[in-house]
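Q:
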Amino acid sequence: MKEMIYQTICPGCGVGCGLFIRENDEGKLSIDHMKSSPVNLGKLCRFGMKLPHYYAKANNAENMVDGSAVDAETAIKAAVDILKDADTDSVALLSVGNTSNEEQMAFTKLAETLGTVVQTGVQKMCMPEPRTLAGIEKAKKIVLFVDPYVQYPLIVRRLLAAKQNGAHVISVGTKPLNLADETLDLKPEQYGELELDSESLIIADVHPNSDAGMVSYVKALAKGTGAGLQFMKPFMNSNGAALLANKDGSRIGLAELMEDIELGNIRTLVTLDSDPVELMPDAEAAIEALKKLDKLIVISSVKGPATGMADVVIATDPVYSKAGTFLNVEDSLQKNSGTGKAGVDALSLLNAGIGGKTFTHDEMNYLVMKTIEASKDGPSGKMQCSGTDIAVSSTDIPEDMYELRYLYNPFMWSDREDDNDFVLLNRNTVKKLGLKKGGCVNLKGEKGELKMRFRVESIPDGLVLTAKKLSIAKGVSTAISMEVC
Amino acid sequence: MVEVGDRIIGYSTDTGVRNKGASGGLVTAVLAAALEKGLVEEVVVLKHISEYEAVPIITSDVNEVLASAGSMHTVPVNLAKYAVGKNVAMPGKACDIRGVIEQAKRNEVDIDNTYLIGLNCGGTMYPVQTREMLINMYEIDPEDVTGENIEKGNLIIRTRSGEEKGISIDELEEAGYGRRESCRYCDVKIPVNADLACGNWGVIGELSGNATFCEVMNEKGVRLLENAIEAGFIEVQPASDKAIAIREKVNNVMLSMSEKWSEKIFTEIPDSERTRYYMEQFADCIDCGACKEVCPACTCGEDSKCTMYHNLEDNYRMSMFHMVRLMHLSDSCIGCGQCTDVCPADIPVTTIFRRFAEKSQKKYNYKAGMTLERPPFLEVMPR
Ligand SMILES: Cc1cc2nc3c(=O)[nH]c(=O)nc-3n(C[C@H](O)[C@H](O)[C@H](O)COP(=O)(O)OP(=O)(O)OC[C@H]3O[C@@H](n4cnc5c(N)ncnc54)[C@H](O)[C@@H]3O)c2cc1C
Ligand code: SF4
Ligand code: SF4
Ligand code: SF4
Ligand code: SF4
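Quick note, the sequences are listed as chains A and B, same order. Note that the first sequence covers residues 474 to 958 in the working numbering. Note that the second sequence covers residues 737 to 1119 in the working numbering.
#1: Does the separation of the CB atoms of GLY1071 (chain B) and SER918 (chain B) fall below 9 Å?
#2: Please report the straight-line C-alpha distance between ALA967 (chain B) and LEU767 (chain B), rounded to a whole angstrom.
#3: Could you name the residues whose beta carbon sits closer than 5 Å to any heavy atom belonging to ligand 2, keeping them in chain order?
#4: Can you tell me which of the three DSSP states GLY854 (chain A) falls into?
#5: Quick check on GLU999 (chain B) - is its C-beta less than 9 Å from some C-beta in chain A?
#6: THR547 (chain A) to LEU730 (chain A), Cα distance in whole Å?
#7: Who are the neighbours of THR771 (chain B) on chain A, taking C-beta pairs under 8 Å?
#8: Does any C-beta atom of chain A lie closer than 9 Å to the C-beta of VAL1030 (chain B)?
#9: Regarding PHE1057 (chain B) and ligand 5, is the C-beta to nearest heavy atom distance less than 8 Å?
#10: Taking the continuous beta strand (DSSP E) assigned at LYS768 (chain A), which residues delimit it?
#11: What three-state label does DSSP hand PHE969 (chain B) in the structure shown?
#12: Thinking PRO792 (chain B) and LEU782 (chain B) are a contact (beta carbons under 8 Å), I'd like their distance in whole angstroms, please.
#13: Quick check: does the Cβ of SER684 (chain B) come within less than 8 Å of any heavy atom belonging to ligand 3?
#14: Comparing the CB of CYS934 (chain B) with every heavy atom of ligand 6, is any distance shorter than 8 Å?
#15: Restricting to runs no shorter than 3 residues, where is the beta strand (DSSP E) found entirely within the segment 513 to 555 of chain A?
#16: Just curious, the beta strand (DSSP E) that VAL881 (chain B) is in, first and last residue?
#17: Checking contacts by CB at 9 Å: is ASN872 (chain B) closer than that to chain A?
#18: Please state if the CB of ALA930 (chain B) and the CB of ILE847 (chain B) are separated by a distance shorter than 9 Å.
#19: Would you kindly work out how many angstroms separate the C-alpha atoms of ILE953 (chain A) and PHE618 (chain A), rounded to a whole number?
#20: Compile a chain-ordered list of the residues in the segment 485 to 506 of chain A whose CB is closer than 7 Å to at least one CB of chain B.
#21: Kindly identify the DSSP beta-bridge partner or partners of LEU566 (chain A).
#22: Roughly how many angstroms lie between the CA atoms of ASP750 (chain B) and ALA779 (chain A), to the nearest whole one?
#23: May I ask you to check if the CB of PRO1032 (chain B) is nearer than 8 Å to at least one heavy atom of ligand 3?
#24: Using 9 Å as the limit for Cβ to Cβ distance, is LYS942 (chain A) near chain B?
#25: Once the 5 residues before and after VAL543 (chain A) are set aside, which same chain residues still bring their CB inside 6 Å of it?
#26: In terms of alpha-carbon separation, which member of A:LEU840, A:ASP539, A:GLU576 and A:ARG495 lies closest to ASP790 (chain A)?
#27: Select from A:ALA565, A:PHE520 and A:MET600 the residue whose C-alpha is nearest the C-alpha of LEU627 (chain A).
#28: Taking only the alpha-carbon atoms, compute the straight-line gap between SER747 (chain A) and ALA640 (chain A) and give it to the nearest angstrom.
#29: Quick one: list the residues of chain A neighbouring TYR1052 (chain B), beta-carbon separation under 7 Å, in chain order.
#30: Would you check whether ligand 4 has a heavy atom nearer than 8 Å to the C-beta of ASN801 (chain A)?
#31: Under the rule that 16 or more other beta-carbon atoms within 10 Å means buried, what is ASP678 (chain A), buried or exposed?
#32: Let's test the definition: count the other Cβ atoms within 10 Å of the Cβ of ARG915 (chain B) and tell me whether it reaches 16, buried, or not, exposed.
#33: Assuming GLY835 (chain B) and ALA816 (chain B) make a contact with CB atoms under 8 Å, what is their CB distance in whole Å?
#34: Between GLY1071 (chain B) and ligand 3, is the CB less than 8 Å from at least one heavy atom?
#35: From ASN738 (chain A) to ASP560 (chain A), what does the alpha carbon distance come to, in whole angstroms?
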């Protein structure tokens, strides 16, 4: 085999960093830095640097029916049979944006034939116009609702550049950030203290587990002060998924979708590179919910917990070798050099099998480009966002307990190994529990116990932060107690 | 007959290669001949993606070698790691060659079977920044550019219409454009550590722009050139005394420019502030490990001293990763700039590592990557 070099983007988050994946003559993958990519200048975060592990052959999905390996044709036929038999009202399609625009468009075509819509895991809501990441460097005051170091590392350099240009950076949250001039632990009703104006920029994020109340507060803050608003997104094609999902029809959040499965309202689920077990903070609960389905069809390039549970798995090409395009968080269109069309081809056959039309990758690409073009001057793109009165949900943490809270990051969404198997505690907590440096802490919740290593950080009392998905978590926030191991 | 120490001027006999080559296509022709005549099994060259981007490839296809002709000034990649474990011939800037030599010292490269064609190097630039510079400083559409050259301290840009526009490097760098920081203070401009040292400095008269000045540095260099001459791939003639003198003069001008940059960047930090300086520089590090991954002087692999003793959960004010790396590379850092290029937090890693390494390398009068000499650091200091 000859060495192959693929020009592609990182599937880790909505920044969509450009890179080359090199496959040597023995099939071993490595990274080359694409310094001409305007998004990231060839730089990558911890996740991007680990892509050769992510893309390891052992992680690739395989065509399966009822747990046995089959060829693509058999898997597609099995999926057709399931969808033909299913009651349309109880079928749901989920794609959060982990694949190309062309596969996304093809999935929407399938949804149309089925008379349903593609769920993106995020409620249908009005979003501000995407801004350029370079624009961060020009803001005078920046308010962070994310931890850039852990969650969206490629904006660290933008923030540092902004500071060089004189910006004042405030982190609204819990963990002091080296690049922030101040850290303010504010409740939404205290946001007035931020004193924002039109030269300010708010950076927050929207993802399947976002608190809808928080999102609307942040939007209202931007609207009320004239500040710019940059929403970061967790999936490489979050913007593509949102744009290409059926225009009409209701879109619900992932938690609601899971609840509908739990309640038996949804009996057949078709996922496109979106694994609910990986996406939901409580993996066990997600597994239990999926077990209630009559049928689960997983269309995916990678193996995950859901491929193991699926009635049918339809394997697509790994992201780096796919043909196709992607829309990153700034709506900049990126293109893969790969030629893999297995995903669109499978969706075409699936669509034809249930009475729709076949289509080609090129046709999907044409429709994608047309939709992007139309969105540029269509009124929907320029939607004015107003704040709504959705309350910020809060988990009640009893007096004598601690709050275990997530910092979502690319490793967690993709359920991949990282060196972050520790929790953050503050010095008071460490003293109070009598924890020893290098020792461990026992976390106890309703779902059981877990021994973890810890790191000391100046965070508020009563809080335990984690960047790793923990088995005892019930949601974004979980009440726990702790003791020395 | 070619001999070590010869200085010749030559070019490719194939007009296509000659025209496409940066200055006469000699380097491409020598590489192609090495492959065709079996001197090597494979060749490392750049595969062009656009005017501003290319990726290294390891190929045994002579057509890919021929297609690589031309200098890519906005491709600041280091080629050393692509030579690891192979029997190749490769072109390389001084820092590429220095990287290969450091790899050879650590037994990753079999230097006797690796042929190194050095390219004089005034520096490389970043592609995205360069496009911006072309618009803002040159008022040229980046898509119209067909080539660039550094001559007499000017960066000259050629466009499709045959036009040429030059602006002094000083002026560009003053405006925040131009060469990467590491290139500004890089102090090896003629790759005398390679088997052949090639460049356009010293090519004068009607051959100017159309031929390459090449110095034969060792026996492998002799083999490379003789092989290409015998295969009929190149034509050569001895360089005149005038050509030799001009090359020397330009080199000296470039080296004194580097010296000036060095003085400007590496200002003394008082002992009492040194620890704080290193801590602050790395305070925004996100632990991606890219700086280690790309380092051509590092051969440790995934489990290495700097990663073994380093945990994200540690609360040290400076990570063990960087502390160990600073020490470990103090005898081998070649200042190639790769670590700065890839740092997602825009930390000037190269300058920090050079600052640390410079002191010990200078003290022992040792320059990493120039010869196979082992670093003298482990020797016992006489009382
Ligand atoms: C970045 C850069 C800066 C240079 N600066 C000077 C200078 O200041 N003064 C001077 O006299 N000469 C300089 N040179 C050398 C000069 O441009 C020619 O490469 C040399 O004269 C040989 O010409 P040629 O026609 O024989 O080479 P060609 O036949 O065109 O062969 C060029 C070879 O260089 C390789 N190459 C191209 N770009 C790069 C790169 N970025 N990194 C590694 N390999 C690369 C190609 O793969 C190809 O194999 C520079 C070269 C480069 C790449
Ligand atoms: S995870 Fe996001 S920030 Fe990290 S390399 Fe991938 S795209 Fe870039
Ligand atoms: S570090 Fe030196 S040899 Fe390397 S690209 Fe820069 S100037 Fe050229
Ligand atoms: S430490 Fe940086 S500058 Fe030094 S050799 Fe390694 S990559 Fe090059
Ligand atoms: S490249 Fe930069 S951010 Fe990454 S480990 Fe090195 S210094 Fe840290």
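Quick reminder that beta carbons are idealized off the backbone N, C-alpha and C, glycines included.
A: The structure says:
#1: Your numbering for residue 1071 (chain B) matches position 335 in the second sequence. Your numbering for residue 918 (chain B) matches position 182 in the second sequence. The answer is yes: Cβ separation under 9 Å.
#2: To locate residue 967 (chain B), count along the second sequence from 1; it is residue 231. To locate residue 767 (chain B), count along the second sequence from 1; it is residue 31. Spanning the two alpha carbons is a distance of roughly 12 Å.
#3: A:CYS483, A:GLY485, A:CYS486, A:VAL488, A:CYS490, A:LEU517, A:CYS518, A:PHE520, A:GLY521, A:LEU627 and A:PRO883
#4: Your numbering for residue 854 (chain A) matches position 381 in the first sequence. Caution is warranted here: a pLDDT of 42 is assigned to GLY854 (chain A), below 50, making its placement in the model unreliable, and no coordinate value can be reported.
#5: Position 263 of the second sequence, counted from the start, is the residue given in the question as residue 999 (chain B). Judged by the 9 Å Cβ criterion, GLU999 (chain B) is not in contact with chain A.
#6: Counted from its first residue, the first sequence places residue 547 (chain A) at position 74. Counted from its first residue, the first sequence places residue 730 (chain A) at position 257. Distance between the alpha carbons of THR547 (chain A) and LEU730 (chain A): 29 Å.
#7: Reading the second sequence from its first residue, position 35 is the one you call residue 771 (chain B). According to the sequence provided, residue 771 (chain B) is Leu. The question's Thr does not apply to it. Simply none; closest approach about 15 Å.
#8: Within the second sequence, residue 1030 (chain B) is the residue found at index 294, counting from 1. Answer yes: the Cβ-Cβ gap between VAL1030 (chain B) and chain A drops below 9 Å somewhere.
#9: As a working mapping, residue 1057 (chain B) is identified with position 321 in the second sequence. Because some heavy atom of ligand 5 lies under 8 Å away, the Cβ of PHE1057 (chain B) counts as near it: yes.
#10: The residue you call residue 768 (chain A) lines up with position 295 of the first sequence. Unbroken beta strand (DSSP E) run through LYS768 (chain A): 768 to 773.
#11: What you label residue 969 (chain B) is simply residue 233 of the second sequence in a count that begins at 1. Coil.
#12: As a first step, residue 792 (chain B) is located in the second sequence; it is residue number 56 there, counting from the start. As a first step, residue 782 (chain B) is located in the second sequence; it is residue number 46 there, counting from the start. The C-beta distance from PRO792 (chain B) to LEU782 (chain B) rounds to 6 Å, short enough to meet the 8 Å contact threshold.
#13: Here chain B covers residues 737 to 1119 and nothing more, so residue 684 (chain B) does not appear.
#14: For ligand 6, the structure offers nothing, since it holds only ligand 1, ligand 2, ligand 3, ligand 4 and ligand 5.
#15: none
#16: If you number the second sequence from 1, residue 881 (chain B) lands on position 145. Residues 881 to 887.
#17: As a working note, residue 872 (chain B) is residue 136 in the second sequence. Closer than 9 Å: no.
#18: Numbered from its first residue, the second sequence carries residue 847 (chain B) at position 111. Numbered from its first residue, the second sequence carries residue 930 (chain B) at position 194. The answer is no: Cβ separation not under 9 Å.
#19: As a working note, residue 953 (chain A) is residue 480 in the first sequence. As a working note, residue 618 (chain A) is residue 145 in the first sequence. About 24 Å.
#20: PHE493, ASP505 and HIS506
#21: In the first sequence, residue 566 (chain A) corresponds to position 93, counting from 1. Per DSSP, A:VAL591 and A:VAL743.
#22: In the second sequence, residue 750 (chain B) corresponds to position 14, counting from 1. In the first sequence, residue 779 (chain A) corresponds to position 306, counting from 1. Rounded to the nearest angstrom, the two C-alpha atoms are 59 Å apart.
#23: Within the second sequence, the letter at position 296 stands for residue 1032 (chain B). Outside the cutoff, so no.
#24: Taking the first residue of the first sequence as 1, we reach residue 942 (chain A) at position 469. No, no contact with chain B.
#25: Mapped onto the first sequence, residue 543 (chain A) falls at position 70. When the five nearest sequence neighbours on each side are left out, the beta carbons in the same chain lying within less than 6 Å of the beta carbon of VAL543 (chain A) are those of ASN536, in order along the chain.
#26: For the purposes of this step, residue 790 (chain A) is taken as residue 317 along the first sequence, with counting starting at 1. Checked all of A:LEU840, A:ASP539, A:GLU576 and A:ARG495; the closest Cα to ASP790 (chain A) is A:GLU576.
#27: As a first step, residue 627 (chain A) must be located in the first sequence, where it is residue number 154. The shortest Cα separation from LEU627 (chain A) among A:ALA565, A:PHE520 and A:MET600 belongs to A:PHE520.
#28: Your numbering for residue 747 (chain A) matches position 274 in the first sequence. Your numbering for residue 640 (chain A) matches position 167 in the first sequence. Their Cα atoms are separated by approximately 38 Å.
#29: Taking the second sequence and counting its residues from 1, one reaches residue 1052 (chain B) at position 316. None at all; the shortest Cβ gap to chain A is about 11 Å.
#30: Here residue 801 (chain A) refers to the residue found at position 328 when the first sequence is read from its first residue. No; taking the cut-off as 8 Å, the Cβ of ASN801 (chain A) has no heavy atom of ligand 4 nearer than that.
#31: As a first step, residue 678 (chain A) is located in the first sequence; it is residue number 205 there, counting from the start. It counts as buried.
#32: Sequence index remark: in the second sequence, residue 915 (chain B) carries index 179 (1-based). Result: buried.
#33: Counting from 1 along the second sequence, the entry for residue 835 (chain B) is found at position 99. Counting from 1 along the second sequence, the entry for residue 816 (chain B) is found at position 80. Right, their Cβ atoms sit about 3 Å apart.
#34: As a first step, residue 1071 (chain B) is located in the second sequence; it is residue number 335 there, counting from the start. Yes, ligand 3 has a heavy atom inside 8 Å of this Cβ.
#35: The sequence position of residue 738 (chain A) within the first sequence is 265, counting from 1. The sequence position of residue 560 (chain A) within the first sequence is 87, counting from 1. Cα-Cα distance, rounded: 11 Å.
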